[in-house]
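**Student:**
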Ligand code: MG
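In the working numbering, the protein residues as written are 4 to 288.
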């Protein structure tokens, strides 16, 4: 089922009871979701089929599946550099294999976008590691292309210009961007709105997330409820409208417990208000 433009969605973490997990999406008042890293038990085709059937029955559209890997940690910036994505050399091969399994799972699910944090790509493109990472991501993009799937790179660990150059160096039309404006603030990698304008045409997904910048060297900033941080949600949505972005707005609130649900519902209401007002203004122009 095709989604409305800028349909509000949420992150879905599929746990032991998938019905309960999908119900959490409906409970915050939305019907589409990006799925976080699937547990290994879900990667078998029969399990993926089971999930597909259940999501359909319950009326939830899964828009994207995220890759994630064992050994990743987001504790602070040096730890992210050492552990996240395709950048760490030692687990790279095993992670590509896992990413392909996740892509196959997404294929069975009927999901056309697979997202990933690549990790801290070296800024110097003459660095042999830079070239090795470009080749790795290109090969994964080619694997996805066979199933007409896209690879969307989550923003945050690099500045807008670095991300754009990295994607240009990969030279594959199915490499896109999942734009998380809060990550750019949390990692201190520049103003998200400027970066969004720069990579705008490549954006196939966004995270509606907010945060404030780091106060100490090597530390990440702090995530906040939507509208309480430094992103400037109204400007963010307006920029997406200006870019003619039609994909979903996926709320991401990376805390646990009952407060998460409360914050997500508030975020949904805030997004609905801002989106509807700005879309109406844009239509009236
Ligand atoms: Mg995100």
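All C-beta atoms, glycine included, are put in the ideal place defined by N, C-alpha and C.
Taking only runs of the beta strand (DSSP E) that begin and end inside the segment 65–149, which ones reach a length of at least 3 residues, in chain order?
**Tutor:** List check, beta strand (DSSP E) in window: 116–119.
**Student:** Could you pull out every residue in the same chain whose Cβ sits closer than 6 Å to the Cβ of residue 114, ignoring the five residues on either side in sequence?
**Tutor:** Cβ within range, chain order: 65, 68.
**Student:** Please name the residue in 63, 221, 50, 261 whose C-alpha comes closest to that of residue 12.
**Tutor:** The shortest Cα separation from residue 12 among 63, 221, 50, 261 belongs to 63.
**Student:** Since residue 119 and residue 157 should fall inside the 8 Å C-beta cutoff, what is the C-beta to C-beta distance between them, to a whole number of angstroms?
**Tutor:** Right, their Cβ atoms sit about 7 Å apart.
**Student:** Once the 5 residues before and after residue 289 are set aside, which same chain residues still bring their CB inside 6 Å of it?
**Tutor:** This structure cannot settle anything about residue 289, because the visible part of the chain is limited to 4 through 288.
**Student:** Closer than 6 Å to a non-hydrogen atom of the ligand MG - does that hold for the CB of residue 255?
**Tutor:** Yes, the beta carbon of residue 255 sits closer than 6 Å to at least one heavy atom of the ligand MG.
**Student:** Any idea what DSSP makes of residue 14, helix, strand or coil?
**Tutor:** Residue 14 falls in the strand class under three-state DSSP.
**Student:** Sorry if obvious, but does the Cβ on residue 266 come closer than 6 Å to a heavy atom of the ligand MG?
**Tutor:** No, the Cβ of residue 266 stays beyond 6 Å of every heavy atom of the ligand MG.
**Student:** I need the boundaries of the alpha helix (DSSP H) containing residue 187, first residue and last residue.
**Tutor:** Element bounds for residue 187: 184–189.
**Student:** In the DSSP assignment, the beta strand (DSSP E) including residue 156 goes from what residue to what residue?
**Tutor:** 153–157 is the extent of the beta strand (DSSP E) around residue 156.
**Student:** Under the rule that 16 or more other beta-carbon atoms within 10 Å means buried, what is residue 271, buried or exposed?
**Tutor:** Buried.
**Student:** Could you spell out the range, first to last residue, of the alpha helix (DSSP H) harbouring residue 290?
**Tutor:** With the chain covering 4 to 288 only, the question about residue 290 has no answer from this structure.
**Student:** Residue 181 bridges to which residues according to DSSP?
**Tutor:** BP columns for residue 181 point to 157, 208.
**Student:** Roughly how many whole angstroms lie between the Cα atoms of residue 20 and residue 104?
**Tutor:** Computed Cα separation, rounded: 21 Å.
**Student:** Quick one: what does DSSP say residue 242 is sitting in, helix, strand or coil?
**Tutor:** Here residue 242 sits in helix by DSSP.
**Student:** Taking 7 Å as the threshold (C-beta atoms), are residue 192 and residue 162 in contact?
**Tutor:** In contact: residue 162 and residue 192 (Cβ atoms closer than 7 Å).
**Student:** Relative to the ligand MG, is the shortest distance from any of its heavy atoms to the C-beta of residue 213 smaller than 6 Å?
**Tutor:** Incorrect: residue 213 has no Cβ contact closer than 6 Å to the ligand MG.
**Student:** Check for me: the beta strand (DSSP E) holding residue 213 runs from which residue to which?
**Tutor:** Where residue 213 is concerned, the enclosing beta strand (DSSP E) stretches over 213–215.
**Student:** Which one or two residues does DSSP pair with residue 38 in a beta bridge?
**Tutor:** For residue 38, which the question treats as bridged, DSSP gives the partners 15, 68.
**Student:** Looking at the unbroken beta strand (DSSP E) that takes in residue 252, where does it start and where does it end?
**Tutor:** Where residue 252 is concerned, the enclosing beta strand (DSSP E) stretches over 252–254.
**Student:** Quick one: what's got a C-beta closer than 7 Å to residue 267's C-beta in the same chain, skipping five residues either side?
**Tutor:** Cβ neighbours of residue 267 beyond the five flanking positions: 13, 31, 254, 256.
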